[in-house]
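Start counting at 1 in the sequence shown, then tack on 112, and there's your number in our numbering.
No residue lacks a Cβ here, since even glycine has one placed at the ideal position from N, Cα and C.
Just so you know, these numbers come straight off a predicted model, no measurement behind them.
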Amino acid sequence: MKHYSQKEKLDIVSSYLNGETISSISLRKGISRTTIYTWIKEHNQRLKKGKSPNFRYLHDLEQTAQRQKQIIEILQRSPCPPSAPLNQKYEAIKQLSKDYTVNILCEALQVAKGSYYNHILRNKNGATKSAQRHSEMQPIIEQIFHENNQVFGASKIYAILKDRGYAIAETTVAKIMHENGLFSIRGYAKKLYNQHRERKKNILQQQFNVPAPNEVWVSDITYFSVFNRMYYICAILDLYARKIIAYKVSKHNSTQLTKSTFKIAYQNRQPSSNLLFHSDQGSNYTSNEFRKYLKSLNITQSFSRPGTPYDNSVIESFFGSFKREGLYRYRFKSERDFFEAIDEYINFYNEKRPHSILMNQTPNGFESRYYSKHKEKSENDTEHI
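Next up, the structure:
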């Protein structure tokens, strides 16, 4: 049995908290769902031990999740894999350095930072003196940063270097810190505290049977790899008829994906202000931007408890059916072919696939009967007046 380090476990938990489903993680990593549930439970127990949130742990968790997302993006965009010769990887780092830090690029492509900087010096690519200075100062700045509990930003580290006799500009310190992902935890403390305080309400409480459409919507994000590129699929389901009312596909797992998907659902359905919107606690759904947007529409948010995927089991079940009955069965010839397959399956799901919980009716049929029944009732009530 393979032994997993704490860092590897933290990466798995980060993926879940960042919005990836348990099923997706299990498939991608080859780890059983039960093991992942156990790690998530252990993670939650650690958080509950203290009277107040452990901001360092939360910060590290968020940083790890963001780093993993970036590494996946880099591997998708890189013209060569980590197993390629060093010269090819150096060139890939150079090409992608406008969009990512050298630190994360070297980690993704498995290149030592010192080796890359030495490569720059040897080949005189750009400002040689500047590259040499970065190479010399990077380990010193990183040591000061970690010695002081990741609290100090560029200005304080610059002051320490100056006091120690190093001649370096504050802007250079800031650039080196940015290139190597050394960001002060101070900037995250208030954000993490507010997120921790606001995430706790699970209003839905697994009450999945609702009396009418547009009373409770549930949402989640899954991913699927096609042509060595990751695609993220966000879906929103109306609990009344188990109907998919909006979905969107993106190459980036971001708040913009969830927000734009919700806009489609809202514009198409025009729900009343008593709508409850339920999701997991992924950053896509807990971000300030998304929460403010829902508040502006007077929509109440509900969140699954950490490590409890059953709190959102209806949409999790949909994604399971979606992949088993749709995506896993085909070999896609193009991106367009992939998108068309998604459209076709969701149309099939809503129009033709009966559900036992709906008395073997389809989502569209079940919802149509609701509106027909209430239209008849309204007409009868009008006749009696």
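Top-ranked residue by Cα proximity to residue i, from the options
{"i": "residue 377", "options": "183, 359, 369, 393", "result": "359"}
{"i": "residue 231", "options": "204, 254, 469", "result": "204"}
{"i": "residue 223", "options": "212, 211, 197, 210", "result": "197"}
{"i": "residue 396", "options": "281, 425, 119, 177", "result": "177"}
{"i": "residue 220", "options": "390, 184, 348, 270", "result": "184"}
{"i": "residue 457", "options": "466, 437, 139", "result": "437"}
{"i": "residue 339", "options": "450, 260, 466, 391", "result": "450"}
{"i": "residue 126", "options": "404, 249, 151, 188", "result": "151"}
{"i": "residue 440", "options": "429, 263, 453", "result": "453"}
{"i": "residue 279", "options": "318, 256, 375, 245", "result": "245"}
{"i": "residue 102", "options": "213, 251, 211", "result": "Residue 102 is absent from the structure shown; the chain starts at 113 and stops at 497."}
{"i": "residue 274", "options": "466, 296, 206, 249", "result": "249"}
{"i": "residue 375", "options": "406, 153, 398, 202", "result": "406"}
{"i": "residue 455", "options": "361, 381, 382, 122", "result": "361"}
{"i": "residue 156", "options": "132, 122, 138", "result": "122"}
{"i": "residue 328", "options": "379, 385, 485, 206", "result": "385"}
{"i": "residue 399", "options": "129, 118, 119", "result": "129"}
{"i": "residue 432", "options": "206, 139, 487, 381", "result": "139"}
{"i": "residue 429", "options": "467, 404, 486", "result": "467"}
{"i": "residue 435", "options": "337, 445, 119", "result": "337"}
{"i": "residue 118", "options": "286, 443, 158", "result": "158"}
DSSP state of residue i mapped onto helix, strand, coil
{"i": "residue 278", "result": "coil"}
{"i": "residue 347", "result": "strand"}
{"i": "residue 212", "result": "coil"}
{"i": "residue 339", "result": "coil"}
{"i": "residue 162", "result": "At residue 162, the pLDDT of 49 sits below 50, so the modelled position is not reliable and the matter cannot be decided from this model."}
{"i": "residue 392", "result": "coil"}
{"i": "residue 478", "result": "helix"}
{"i": "residue 204", "result": "helix"}
{"i": "residue 143", "result": "coil"}
{"i": "residue 362", "result": "strand"}
{"i": "residue 238", "result": "With a pLDDT of 47 at residue 238, under the threshold of 50, the modelled position of that residue is not reliable, and no figure is offered here."}
{"i": "residue 222", "result": "coil"}
{"i": "residue 133", "result": "coil"}
{"i": "residue 258", "result": "helix"}
{"i": "residue 435", "result": "helix"}
{"i": "residue 231", "result": "helix"}
{"i": "residue 398", "result": "helix"}
{"i": "residue 413", "result": "strand"}
{"i": "residue 355", "result": "strand"}
{"i": "residue 486", "result": "helix"}
{"i": "residue 283", "result": "helix"}
{"i": "residue 334", "result": "strand"}
{"i": "residue 115", "result": "coil"}
{"i": "residue 426", "result": "helix"}
{"i": "residue 473", "result": "strand"}
Whether residue i touches residue j by CB criterion (7 Å)
{"i": "residue 421", "j": "residue 393", "result": "no"}
{"i": "residue 134", "j": "residue 148", "result": "yes"}
{"i": "residue 330", "j": "residue 427", "result": "yes"}
{"i": "residue 266", "j": "residue 289", "result": "yes"}
{"i": "residue 200", "j": "residue 192", "result": "yes"}
{"i": "residue 209", "j": "residue 229", "result": "no"}
{"i": "residue 253", "j": "residue 269", "result": "yes"}
{"i": "residue 316", "j": "residue 414", "result": "yes"}
{"i": "residue 373", "j": "residue 402", "result": "no"}
{"i": "residue 357", "j": "residue 389", "result": "no"}
{"i": "residue 257", "j": "residue 294", "result": "yes"}
Rounded distance between the beta-carbons of residue j and residue i, thought under 8 Å
{"i": "residue 462", "j": "residue 475", "result": "5 Å"}
{"i": "residue 136", "j": "residue 335", "result": "6 Å"}
{"i": "residue 387", "j": "residue 314", "result": "17 Å between Cβ atoms; not a contact."}
{"i": "residue 424", "j": "residue 332", "result": "6 Å"}
{"i": "residue 215", "j": "residue 291", "result": "6 Å"}
{"i": "residue 212", "j": "residue 188", "result": "Contact doesn't hold; Cβ gap of about 12 Å is too wide."}
{"i": "residue 296", "j": "residue 264", "result": "6 Å"}
Original post:
Is there contact here, the region 339 to 348 with the region 363 to 371, by at least three beta-carbon pairs under 8 Å?
Top reply: yes
Original post:
So does the region 347 to 355 actually touch the region 478 to 489, counting three or more Cβ pairs closer than 8 Å?
Top reply: yes
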